[in-house]
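Enquirer: Right, I'll just put the structure down here and ask away after.
Numbering (the numbering used here), first residue to last: 1042 to 1430.
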């Protein structure tokens, strides 16, 4: 195949490109410039997509003897990922920028350009597995559970999967990848992984948002609506947060308070006891399938749901329904293609804590990714079984 290898400057994408070359494919390397003003150096595992990363990617391409280019996607990245991140926090939601980058940049903008230029597939260093099933190509977990990245790929469609190439999916550990890189003479074999949001390399999300959004002080309230404290900006809080509330006095029962929800319209942060964080039901929109599901989605079906990249999946029963016009939100009206809502009853033995609107819920059947949706509502265990979605 003619393959475009997305090379971030890290060891995973370097080995993925090397394996594509070794398999006999016609490979071209490309590094995506996503920042308008990239720093010249990384600090350990902080950030990515810097000038240093581009230079590392170029050195690997030279070693492999493949053509190499840098494509400027900074404007698209700013609009589709960074601006979306700010808007979601401003709306009291918790976005996942890595998942959004895969959806809008790596497997939309990049893949579209690659296909237009005559490439058959885009290769990346993601740890996931592609399987040709009876209904077409399927996305499955990687063989190494600890490195599995299928969650952040849950937004991919069947059409996109048909042009994806994940050479690392069957590798049992990252250490084997590093050892292979050393054997191949790749100098970045021991380069640290990036663990932070790439456009917030110092890791201070609250401080970064304070520079982007105007401060808006408001009330901290309990579930009855009683004011128990003040905040200097609701966006600085996350669901499940305990520390830093600065309420100044204990709850009547003496137990710690936790952030239960954020109300952007009234600019309130709602706090309460820990047991109110235990979620029994989630629902949301922007549902998408990763391929032919092989089952009747008009009926409830059993699956597992995962709400974070490294969270354990939990058993669930899913129901999908069309959005009727009376229940459409403004967002749904603006996104005419997103006509499906997902309604999930969780069947976990242990409480599922810290679920926030804006998070992505990815559905699995066994190792296979079925699809994903954006969480709009999370209902506590004690009323999640009976409340109307």
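Just so it is clear, CB atoms sit at the ideal spot from N, CA and C, and this is done for glycine as well. Note that the structure is predicted; figures quoted are calculated from it, not measured.
With a Cβ-Cβ cutoff of 8 Å, do residue 1146 and residue 1118 count as a contact?
Expert: Along the chain shown, read from residue 1 onward, the residue named residue 1146 stands at position 105. Along the chain shown, read from residue 1 onward, the residue named residue 1118 stands at position 77. Yes.
Enquirer: Hey, quick one: how far does the alpha helix (DSSP H) through residue 1142 stretch, first residue to last?
Expert: As a first step, residue 1142 is located in the chain shown; it is residue number 101 there, counting from the start. First-last of the alpha helix (DSSP H) with residue 1142: 1138-1142.
Enquirer: Where does residue 1327 fall in DSSP's three states?
Expert: Position 286 of the chain shown holds residue 1327. Under the three-state reduction of DSSP, residue 1327 is assigned to strand.
Enquirer: Going by DSSP in three states, residue 1230 sits in which element: helix, strand or coil?
Expert: Here residue 1230 corresponds to residue number 189 of the chain shown, with the count starting at 1. The answer is coil: DSSP assigns residue 1230 none of H, G, I, E or B.
Enquirer: Buried or exposed, going by whether 16 or more other CB atoms sit within 10 Å of the CB of residue 1295?
Expert: Start at 1 with the first residue of the chain shown, and residue 1295 comes out as number 254. Counting Cβ neighbours within 10 Å, residue 1295 comes out exposed, since fewer than 16 surround it.
Enquirer: Please classify residue 1051 as buried or exposed, where buried requires at least 16 neighbouring CB atoms within 10 angstroms.
Expert: To locate residue 1051, count along the chain shown from 1; it is residue 10. Buried is the call here.
Enquirer: Grouping DSSP H, G and I as helix and E and B as strand, with all else coil, what is residue 1117?
Expert: Sequence index remark: in the chain shown, residue 1117 carries index 76 (1-based). In the three-state DSSP reduction, residue 1117 falls in the helix class (H, G or I).
Enquirer: Using 8 Å as the Cβ pair cut-off and three pairs as the minimum, do the stretch 1124-1138 and the stretch 1092-1110 touch?
Expert: no
Enquirer: With distance defined between alpha-carbon atoms, name the residue in 1176, 1271, 1107 nearest to residue 1288.
Expert: The count along the chain shown starts at 1 and reaches residue 1288 at position 247. The option with the nearest alpha carbon to residue 1288 is 1271.
Enquirer: Using DSSP with H/G/I as helix, E/B as strand and the rest coil, what is residue 1072?
Expert: Here residue 1072 refers to the residue found at position 31 when the chain shown is read from its first residue. For residue 1072, the three-state secondary structure derived from DSSP is strand.
Enquirer: To the nearest angstrom, report how far apart residue 1185 and residue 1417 are at their CA atoms.
Expert: As a position in the chain shown, residue 1185 is number 144, starting the count at 1. As a position in the chain shown, residue 1417 is number 376, starting the count at 1. Their Cα atoms are separated by approximately 31 Å.
Enquirer: Does DSSP classify residue 1201 as helix, strand or coil?
Expert: As a working note, residue 1201 is residue 160 in the chain shown. Reduced to three states, the DSSP call for residue 1201 is helix.
Enquirer: Classify residue 1419 as buried or exposed, calling it buried when 16 or more other Cβ atoms lie within 10 Å of its own Cβ.
Expert: Within the chain shown, numbered from 1, the residue matching residue 1419 stands at position 378. Under this definition residue 1419 is a buried residue.
Enquirer: For the stretch 1136-1154 and the stretch 1306-1318, state whether three or more C-beta atom pairs, one from each stretch, are separated by less than 8 Å.
Expert: no
Enquirer: Rounded C-beta distance between residue 1213 and residue 1061? I'm assuming under 8 Å.
Expert: Against the chain shown, residue 1213 aligns to sequence position 172. Against the chain shown, residue 1061 aligns to sequence position 20. The Cβ separation is near 20 Å, so there is no contact.
Enquirer: Tell me the rounded alpha-carbon separation between residue 1047 and residue 1067.
Expert: To locate residue 1047, count along the chain shown from 1; it is residue 6. To locate residue 1067, count along the chain shown from 1; it is residue 26. Rounded to the nearest angstrom, the two C-alpha atoms are 14 Å apart.
Enquirer: Between residue 1211 and the rest of its own chain, which residues show a CB-CB distance below 7 Å, the 5 nearest in sequence each way excluded?
Expert: For this step, residue 1211 is matched to residue 170 along the chain shown. Around residue 1211: 1170, 1184.
Enquirer: Which complete alpha helix (DSSP H) runs does the stretch 1243-1318 hold, if anything under 4 residues is left out?
Expert: Whole alpha helix (DSSP H) segments, 4+ residues: 1246-1253.
Enquirer: Quick one: is residue 1082 buried, meaning 16 or more other Cβ sit within 10 Å of its Cβ, or exposed?
Expert: In the chain shown, the residue the question calls residue 1082 occupies position 41. Model confidence at residue 1082 stands at a pLDDT of 46, short of 50, so the residue's coordinates are unreliable and nothing is read from them.
Enquirer: Taking the CB atoms as reference points, tell me whether residue 1409 and residue 1204 lie closer together than 8 Å.
Expert: Locating residue 1409 in the chain shown gives position 368, where the first residue counts as 1. Locating residue 1204 in the chain shown gives position 163, where the first residue counts as 1. No, the pair does not count as a contact, with Cβ atoms beyond the cut-off.
Enquirer: Alpha helix (DSSP H) containing residue 1060: first to last residue?
Expert: Start at 1 with the first residue of the chain shown, and residue 1060 comes out as number 19. It spans 1052-1063 - the alpha helix (DSSP H) in which residue 1060 sits, taken as one unbroken run.
Enquirer: Taking residue 1126 as part of the alpha helix (DSSP H), name the residues at either end of that continuous run.
Expert: In the chain shown, counting from the first residue as 1, residue 1126 sits at position 85. Element bounds for residue 1126: 1124-1131.
Enquirer: What does the Cβ neighbour count give for residue 1378, buried or exposed, with the cut at 16 atoms within 10 Å?
Expert: Indexing the chain shown from 1 puts residue 1378 at position 337. Residue placement at residue 1378 is flagged as unreliable, the pLDDT there being 38, under the threshold of 50; a coordinate-derived value is accordingly withheld.
Enquirer: Could you give the distance in angstroms between the alpha-carbon of residue 1120 and the alpha-carbon of residue 1075?
Expert: Counting from 1 along the chain shown, the entry for residue 1120 is found at position 79. Counting from 1 along the chain shown, the entry for residue 1075 is found at position 34. Rounded to the nearest angstrom, the two C-alpha atoms are 11 Å apart.
Enquirer: Helix, strand or coil: which one does DSSP assign to residue 1049?
Expert: One-based indexing of the chain shown puts residue 1049 at position 8. Coil.
Enquirer: Let me check understanding here. Comparing Cα to Cα, which of 1384, 1395, 1302 lies closest to residue 1264?
Expert: As a first step, residue 1264 must be located in the chain shown, where it is residue number 223. The option with the nearest alpha carbon to residue 1264 is 1302.
Enquirer: Where does residue 1192 sit, in a helix, a strand or coil, going by DSSP?
Expert: For the purposes of this step, residue 1192 is taken as the residue at position 151 of the chain shown. Helix, per DSSP.
Enquirer: Among 1304, 1385, 1194, 1125, whose alpha-carbon lies nearest the alpha-carbon of residue 1326?
Expert: Along the chain shown, read from residue 1 onward, the residue named residue 1326 stands at position 285. Selected option, being the one with the closest Cα: 1385.
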